[in-house]
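Following: one structure in structure tokens, then a few remarks.
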Amino acid sequence: MHHEISNQTEAIKRFHITGEDGYSEFWRRNKSPVEIVELARLLQALRKIGSHIGRNVGDIVWSGMTLKHGIALDPTPIMGKYPIPPSKTDIMVGLTVQSALEKTEWSERVKKTALARLELPPHYAYKLHLYLDMCEKIYLDCLSNRSILGNYTEKAREWAIRKNAKQLIQPPTVTELFHIWWSMAADRNGEKYKEDYIDRSVGGLLERGSLEKFYKKPAALLNSIVDPLRNKCPDITGVTERISFRLELYLSIWPKLLEYIKFWPGDSSDPFLLSDKTREDLEKEDKEKKAIKATLISLVEPIERAIKKQNTDFTDKVKSNVKNVDDVVQIEGSDIVMPAKNKIDKALFHLLQNEFKMIAHRITHYNRGLTSGKIDRRRLYRAVTNGTAFQLKKRKFQVQNNFVLLVDATGSMSEPNRWAKTETIFQTLFSVITLYCNNAKIFAYNEVKNICRLTELYLKGEFFTVMSHGQTASGEAIIATALNMKISPKRSFIIHITDGASNWGCGVTDAITFCKKKNIHLLTLGIDCGPSSKQSLRKEYGKLVQFLDNINDLPDLVKSLLRHTL
């Protein structure tokens, strides 16, 4: 029997793979099928996300890794399949955002203050802790809903609610009530908490109102504080003021809420209202968790080694090139960047382009063996065979020197107008340099957690930026930049853009000596410098510093640099 194939049937262009659809699929590219490498790379990505949320987030590590201050994430939700599917990556990003916001909003202080104020008996204090913990989860999710990060916390919330549903005991329980509230109050549309709770579970469909009789009234009470929590609290200036507001709001309904949940078990691990059978199940779960933890501990050292390989430590090399070794601060490479806005000044770009074109060498390239173009006399014999007797002549202007821009991105640069002006200068100047120099690079340096970080700002044709922060270790940054430069027979250039003298580390005297030794011409541009800053920079750099008070003077400074040093 033959079946006719319809001409109208469309070809299958792609197959749907479960778990491969997620927000992170659009930006996460450095994946690996190797477990240790994949966990290390994902951790690096999570650290970048955490750095955008706040400065006091601290380190982000997997559970079992060394941690002094920060967040320890449990990787069990994503373990087992590598590369990690985007749907699971979304969950882990959401958990990271929630944990990072806990740090920036001081959630632990809210809980400790409330527990200390009420001084409840242990079995009531346990329920209060569950309540406060859920209040903060809702507040933090509502905060994330104000940005694209809300997409990820939504995935983490849905995962947590599903996980909790598998552990539920016979209703009513406090934790089931709070997770129902969480799904209503933190909803991204912001409308669910305004409605009465309706049980849409399978049990509710078979027996209408089976859970509503327990949870409808307490859910309405809990939802009464959601509006100020979502809309008023985030707009309050000052973290301590927001803490006070949340604390009073949470405790305002606690006495009435306690009347509803006083005799309910807290959750499946409630130490006060559990049966012996439930305790046995919990002990079994604890054994499974310990087995998983043992697996994690065995992966800790390889993951830490994989992460350390990615960030180059320049400290030892810097120390080997300075006299005052004891003053050298730790300096490492970094890849934590943010997309930058286009700040290129077109008028300034054309003026700078003219200056570089004046000193560039003209290089002629020939593309031969073409079927059209200018006749190539040496290939006329091909005219009667395949016709490839033509050529195309291309002229290209090129500067044979290496150029690197080094930008000061420390605390003094954090003033918005100053940093915006600096971005315009280095983006415009670097865009011109890349037209004539293929090896040009641009780095920024700042201080993060007592370490000088050196970060590349131009990758794959796009500009990036960093957060201006910390002390100024110019000496270490200049030496590390020089170490990064390719060896060239021609003189190389480091154009250092700063607004003040070095105030941390070994100073710049040894850095200047090192640059001379390596045939690198160092020029420092002072941006928006006051009289005292100019005096300090002259004392440090001598004739190697020029001051740019007006951005329109940049072409003349570049002209002076190029004409007198090339």
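Taking the numbering used here, I'd label the letters of the sequence shown as residues 11 to 576.
Glycine included, C-beta positions come from ideal geometry on N, C-alpha and C.
Treat the numbers as computed from the prediction; the structure is a model and nothing was measured.
Cβ distance (whole Å) where residue i is taken to contact residue j below 8 Å
i, j, result
"R165", "I70", "Rather than Arg, the amino acid found at residue 165 in this sequence is Lys. Not quite, the Cβ-Cβ distance comes to about 18 Å (not below 8 Å), so this is no contact."
"A110", "I81", "7 Å"
"L467", "A454", "5 Å"
"G540", "L547", "Not quite, the Cβ-Cβ distance comes to about 11 Å (not below 8 Å), so this is no contact."
"K41", "P93", "4 Å"
"F366", "V409", "6 Å"
"G32", "T99", "6 Å"
"S234", "I263", "7 Å"
"L125", "L138", "6 Å"
"T482", "D418", "6 Å"
"T106", "L83", "6 Å"
"P312", "I63", "28 Å between Cβ atoms; not a contact."
"K113", "N66", "6 Å"
"K266", "L221", "Going by Cβ atoms, the distance from K266 to L221 rounds to 20 Å, so no, they are not a contact pair."
"P238", "L259", "6 Å"
"L358", "I505", "Rounded, the Cβ-Cβ distance is 15 Å, inconsistent with contact."
In DSSP terms, what residue i is bridged to
i, result
"Q481", "BP columns for Q481 are empty, so no partner."
"S502", "I530"
"I70", "I81"
"F474", "P349"
"I507", "V417, L535"
"N377", "L402"
"V2", "Here the chain covers residues 11 to 576 and nothing more, so residue 2 does not appear."
"S344", "T465"
"D323", "E342"
"K384", "Q401"
"K451", "V414"
"F359", "Answer is none; F359 lacks a bridge partner."
"L587", "As shown, the chain starts at 11 and ends at 576. That puts residue 587 outside it, with no answer to give."
Reference residue i; option with closest CA among the options
i, options, result
"T475", "T322, S502, L416", "L416"
"M144", "R51, R256, K98", "R256"
"D345", "D509, S42, I488, L56", "L56"
"V335", "N66, D520, P565, C462", "D520"
"L464", "N529, E342, S42", "E342"
"L532", "K173, V555, N449, P238", "V555"
"V339", "V328, E251, P95", "V328"
"R210", "Y225, E201, R198", "Y225"
"I171", "A487, W191, L239", "W191"
"W169", "G74, I46, S308, T86", "T86"
"N411", "A399, T76, S570, S498", "S498"
"S512", "E457, K496, L493", "E457"
"R500", "A350, N449, I461, D197", "It is Lys, not Arg, that sits at residue 500 in the sequence shown. Checking every option, the nearest Cα to that of K500 belongs to N449."
"K406", "R389, S382, N396, Y376", "Y376"
"K272", "I452, H133, L150", "H133"
"E314", "R38, L49, K527, E258", "L49"
"N331", "P131, L53, I522, G68", "I522"
"G471", "P349, E550, V249", "P349"
"C152", "N241, R388, I530", "N241"
Other residues of its chain near residue i: CB distance less than 6 Å, five sequence neighbours each side excluded
i, result
"K353", "E433, T434, Q437"
"G104", "Y162, T163, K165, A166"
"Y270", "P228"
"L582", "No answer is possible for residue 582: the residues shown for the chain start at 11 and end at 576."
"D178", "A small fix is needed here, since residue 178 is Leu in this sequence, not Asp. So the qualifying residues of the chain are E186."
"K287", "Since pLDDT at K287 reaches only 49, below the 50 mark, its modelled position is unreliable, and the value read off the structure follows with that caveat. Excluding positions up to five away in sequence, the list is empty."
"G219", "For G219, the pLDDT reaches just 46, beneath the cut-off of 50, and the residue's location in the model is therefore unreliable, although a value from the coordinates is still provided. Closer than 6 Å at Cβ, skipping near neighbours: no residue."
"R392", "T398, A399"
"F413", "I443, C447, A450, F503"
"I452", "L415, F440, L467, Y468"
"K58", "I346"
"G580", "Limits of the chain in this structure are 11 at one end and 576 at the other, which puts residue 580 out of reach."
Minimum Cβ-Cβ distance from residue i to chain C less than 8 Å
i, result
"A399", "The structure shown has no chain C; it contains just one protein chain."
Residues near residue i in its chain [Cβ-Cβ closer than 7 Å; skip 5 each side]
i, result
"L216", "Bear in mind that the predicted position of L216 carries a pLDDT of just 46, short of 50, making it too unreliable to give a figure here."
"A195", "I148, Y203, N233, V236"
"V568", "L362, E365"
"F557", "G536, C539, K544"
Sequence-distant residues of the same chain with beta carbon closer than 8 Å to residue i, five excluded per side
i, result
"F324", "I341, E342, G343, L464, E486, I489, A490, L493"
"K384", "F400, Q401, L402, K403"
"M11", "With a pLDDT of 47 at M11, under the threshold of 50, the predicted position of this residue should be treated as unreliable, though the coordinate-derived value follows. No residues qualify anywhere along the chain."
"Q363", "V442, L445"
"L9", "Look at the range of the chain in this structure, 11 to 576, and you will see that residue 9 is not part of it."
"G276", "Y136, K137, L140, T183, V184, T185, F282, L283"
"G248", "none"
Sufficient close CB pairs (3 or more, under 8 Å) joining the region 515-524 to the region 421-431: In this structure the region 515-524 does not touch the region 421-431; the number of beta carbon pairs closer than 8 Å is below three.
Segment contact flag, the region 440-448 with the region 476-485, C-beta cutoff 8 Å, min 3 pairs: Contact annotation: the region 440-448 does not touch the region 476-485, with fewer than three C-beta pairs closer than 8 Å.
contact_flag[the region 188-204, the region 115-123] where n(CB pairs < 8 Å) is 3 or more: The region 188-204 is not in contact with the region 115-123.
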